[in-house]
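Participant:
There are 2 protein chains.
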Amino acid sequence: MKPTVHDIAAAAGVSLATVDRVLNRRSGVREVTRERVESVIRDLGYVRDVAAANLAKRRVYPLVFIIPDSASSFMRRINREVREAASRAAIERTDISWIEVPAFEVAPLVRTLQRLAEERPAGVALVAVDAPEVRDAVDKLVARGIPVVTLVSDLPGSKRNHYAGIDNLAAGRTAAHLLGRFLQPRTLEEGQSIAVLAGSMLVRDHRERLEGFRSLLASDFPSLEVLPVLEGRDDPAQVHQILLELFQRRADIAGLYSVGAGNRGLIRALKEQRGAALRAVIAHELTEHTRDALLDGTIDVILNQDAGHEVRSAIRVLKARADELAVIDAQERIRLDIFIKENLP
Amino acid sequence: MKPTVHDIAAAAGVSLATVDRVLNRRSGVREVTRERVESVIRDLGYVRDVAAANLAKRRVYPLVFIIPDSASSFMRRINREVREAASRAAIERTDISWIEVPAFEVAPLVRTLQRLAEERPAGVALVAVDAPEVRDAVDKLVARGIPVVTLVSDLPGSKRNHYAGIDNLAAGRTAAHLLGRFLQPRTLEEGQSIAVLAGSMLVRDHRERLEGFRSLLASDFPSLEVLPVLEGRDDPAQVHQILLELFQRRADIAGLYSVGAGNRGLIRALKEQRGAALRAVIAHELTEHTRDALLDGTIDVILNQDAGHEVRSAIRVLKARADELAVIDAQERIRLDIFIKENLP
DNA sequence: CAATTTTTGATGCACGTACATCAAAAAGAT
DNA sequence: ATCTTTTTGATGTACGTGCATCAAAAATTG
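Taken in sequence, the protein lines are chains G and H.
The opening residue of the first sequence carries number 1 in this note's numbering; numbering runs sequentially from there.
The opening residue of the second sequence carries number 346 in this note's numbering; numbering runs sequentially from there.
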């Protein structure tokens, strides 16, 4: 039978009140007594019944998500997942709210973080923008004892407790590896070039993906020439136009890697005027559009991060922190999913 | 504020006892009263506080896992994940136990299921063997109100409540697609053959993977010739020998797909004597061995199902059934993971 | 209408913990 | 030894639900 506080009290020869003081780190317990109680806790293998504890303190954990108001399919998806989680949250004594901030902007994000430092929610998840001011604001939250999780986009060098997102460097390398393999047998025969499309080089994820992509191509497939990065600002119309121009300019493009959003423009351009040499296209994020494109062969591989998993994971991690519980590492690791036509969910 | 039973009682103009009777489907409530209470429950959006409920009835859910005593890395992994889940289970009012049965055998599995039908645990998860007797035994459990989840290997046609595993047909197709793409540019030039290695054609997963593999190759890459299936009984030594023989017999093998276990033998054979024409190898299950083989280039792609996810998912589904709660479908969908050197976890 | 059966109410304990209060004991200071 | 401060005990209430019991009310039957 699982030991309870009563068992601890009896075994340690103290009262329930003292056990309670030790468990909840309240003051007014002599050091020797505290140690005695703690050793009994260890010996009996007592674990606090979180359900009963939460019931007793009728505490609800207010968790706040800060998400960019970006119109991209992926961010809309994150948004949706947060809403869904919020609707489910009541059952689990969690109160999830969200704040939308302008995408890629530092000042509004920092202001929001500062405000939250005052409001003191039980946890904060944010899609980070990589800037020193943001880092400082996050560190201040953590210093105040508020757990912080970065979502989708990390904030290296900060004190954030956890990152719920993929390794973008690995994503770029994965794209490079697959592209190289798909094109390989011919790479030796003739000159082939690879086009790369990004949203903006100011965004950390895009930079990292590109870096991984370039470095692996350089080391493993040196005969493939990577063209200068095209920046489409994650905007379908712009992406579409840039690509059409490219296809007219060059006929030797064998592979294409799109690290950012704006996939609708990409797909449209590919369907309208695809270079004959183009034999492999890799893009990010599984949406209804990219899904269709995979199925009809317009895109060959989609690299994906599971937005639902990321949001649920962020919540689990924040809750575990609030309850002072351990997390299952394997469960919180966000995978880089490789989707092809045949393994679509 | 979340409504409680008290709010329901007050709003419906009945006592707590009556609300309780309605909530727990106890008898002794007039139909009109029951309907009134139920409509109030809907109107106020009452949801039972499962934590409090479980606390009150101090019920622990005994869940039983039936797993084959197979020595394969994957089954050992499943075994380990069940143990780990069991050690964590105390916190969540679940009591997880497991029974090992001889792999691939029908009679012992059926006997175990029959015994469980008497013991009436709160839920059963099993690695199914595809036989009518097993199906009947499972159906009997379900008929008795005991939720059943199949794990890793499904039992089509049975009344099992859920399947926690991958789509093996899709797995085979995925392997075929990747193999085809990796070999493609040369497929037209010369005759190339594809070797396929399975544990046993008596096992459903292997049959399905192979079926998917063959059908996609036939339709999308008809120039690739698939050799007759080699059966290695999932035994490393046997796999090793079979492959060495094959490599001596044929020099034109360009691709290899291993649908089953015994990967250590596969890797050893590849390292000792790999045909020069062999340019793509795909196998199943990420273990320390296959991981190393991916990293050193012996294997190109590993298709994987996350054992930890499968076990945790099975538990969540069984618990949700016992608590009469809904599950998050997306969370319980077991993905077919594609791993290459670059996206290893 | 009375007798019987069914339905409902009132109430209280239980689960394991949090938290507060007040009194009592122990330790430390003088 | 006395006084002060710190530590500990005893106790009670609360959280939201399950479950049991007994009495009371209402509905049904004859």
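All C-beta atoms, glycine included, are put in the ideal place defined by N, C-alpha and C.
Quantities reported herein were computed from a predicted structural model and do not represent experimental measurements.
Considering Pro228 (chain G), what are the terminal residues of the beta strand (DSSP E) in which it resides?
Facilitator: Segment: none, Pro228 (chain G) is in no beta strand (DSSP E) and carries neither H nor E.
Participant: Counting only Cβ-Cβ distances shorter than 8 Å, please list the residues of the region 159-176 of chain G near chain H, keeping chain order.
Facilitator: Cβ contacts with chain H come from Ala170, Ala171, Arg173, Thr174 and Ala176.
Participant: Give the straight-line distance between the Cα atoms of Asp365 (chain H) and Arg77 (chain G), rounded to the nearest whole angstrom.
Facilitator: C-alpha separation (whole angstroms): 39 Å.
Participant: Does Phe449 (chain H) come out as helix, strand or coil in the three-state DSSP assignment?
Facilitator: DSSP places Phe449 (chain H) in coil when its eight states are reduced to three.
Participant: Could you tell me the boundaries of the alpha helix (DSSP H) in which Asp365 (chain H) lies?
Facilitator: Leu361 to Leu368 is the span of the alpha helix (DSSP H), which, as asked, contains Asp365 (chain H).
Participant: Starting from Ile338 (chain G) and walking both ways along the beta strand (DSSP E), at which residues does that stretch end?
Facilitator: First-last of the beta strand (DSSP E) with Ile338 (chain G): Asp337 to Phe339.
Participant: Any idea what DSSP makes of Pro236 (chain G), helix, strand or coil?
Facilitator: Helix.
Participant: Going by DSSP, what residues sit across from Tyr163 (chain G) in a beta bridge?
Facilitator: Its beta-bridge partners are G:Thr150.
Participant: Could you tell me which residues DSSP pairs with Pro68 (chain G) in its beta bridges?
Facilitator: For Pro68 (chain G), which the question treats as bridged, DSSP gives the partners G:Val101.
Participant: Which residues in chain G sit within 7 Å of Val392 (chain H), going by Cβ to Cβ distance?
Facilitator: Those within 7 Å of Val392 (chain H) in chain G are Ala90 and Ile91.
Participant: What number of angstroms, rounded off, separates the C-alpha of Thr187 (chain G) from the C-alpha of Ser73 (chain G)?
Facilitator: Residue placement at Thr187 (chain G) is flagged as unreliable, the pLDDT there being 47, under the threshold of 50; the coordinate-derived value follows with that caveat. One C-alpha to the other measures close to 34 Å.
Participant: Who are Ser603 (chain H)'s beta bridge partners in DSSP?
Facilitator: Answer is H:Leu542.
Participant: Can you name, in chain order, every residue of its own chain whose Cβ lies under 7 Å from the Cβ of Lys664 (chain H), other than the five neighbours on each side?
Facilitator: Answer for Lys664 (chain H): Tyr406 and Thr439, listed in chain order.
Participant: Decide yes or no for the touch test of the region 328-342 of chain G against the region 296-310 of chain G: beta carbon pairs closer than 8 Å, at least 3 of them.
Facilitator: In short, these stretches touch, since the Cβ pair count reaches three.
Participant: Between the C-alpha atoms of Pro228 (chain G) and Ser193 (chain G), what's the straight-line distance to the nearest angstrom?
Facilitator: One C-alpha to the other measures close to 10 Å.
Participant: Are any of the Cβ atoms in chain H nearer than 8 Å to that of Ala283 (chain G)?
Facilitator: Not an interface residue.
Participant: Applying the criterion that 16 or more other CB atoms from any shown protein chain within 10 Å of the CB defines a buried residue, is Pro466 (chain H) buried or exposed?
Facilitator: It counts as buried.
Participant: Quick check on DSSP: helix, strand or coil for Gly502 (chain H)?
Facilitator: Looking at Gly502 (chain H) - three-state DSSP - the assignment turns out to be coil, as it is neither helix nor strand.
Participant: For chain G, check one thing: does any of its Cβ atoms lie closer than 8 Å to the Cβ of Pro413 (chain H)?
Facilitator: Chain G contact via Cβ: absent.
Participant: Where does the unbroken beta strand (DSSP E) through Val124 (chain G) begin, and where does it stop?
Facilitator: Looking at the DSSP string, the run of the beta strand (DSSP E) that includes Val124 (chain G) is Gly123 to Leu126.
Participant: Which runs of the alpha helix (DSSP H) fall wholly inside the region 262-295 of chain G and span at least 4 residues, in chain order?
Facilitator: Correct list: 263-272 and 288-295.
Participant: For Leu670 (chain H), does the three-state DSSP call read helix, strand or coil?
Facilitator: It is coil, neither helix nor strand.
Participant: Might you give, ordered along the chain, the residues of its own chain that have their beta carbon closer than 6 Å to the beta carbon of Val497 (chain H), omitting 5 neighbours on each side?
Facilitator: Excluding residues within five positions, the ones whose Cβ falls inside 6 Å are Val472 and Gly510.
Participant: Using three-state DSSP, classify Pro132 (chain G) as helix, strand or coil.
Facilitator: Three-state result, Pro132 (chain G): helix.
Participant: Does DSSP put Val60 (chain G) in a helix, in a strand, or in coil?
Facilitator: DSSP places Val60 (chain G) in coil when its eight states are reduced to three.
Participant: Using CA atoms only, rank isn't needed, just tell me which of H:Thr519, H:Tyr508 and H:Ile491 is closest to Arg657 (chain H).
Facilitator: With distances taken between Cα atoms, Arg657 (chain H) lies closest to H:Tyr508.
Participant: Verify the CB distance criterion: does Gln676 (chain H) have a CB-CB separation below 8 Å to chain G?
Facilitator: For Gln676 (chain H), the answer is yes, since a Cβ of chain G falls inside 8 Å of its Cβ.
Participant: Among H:Leu500, H:Ala488, H:Ser503 and H:Phe410, which has the Cα closest to the Cα of Thr457 (chain H)?
Facilitator: If we check each option's Cα against that of Thr457 (chain H), H:Phe410 comes out closest.
Participant: What residues of chain H sit near Arg335 (chain G), judged by a beta carbon separation below 9 Å?
Facilitator: Going along chain H in sequence order, the residues near Arg335 (chain G) (Cβ under 9 Å) are Asp651, Arg680, Asp682, Asn688 and Pro690.
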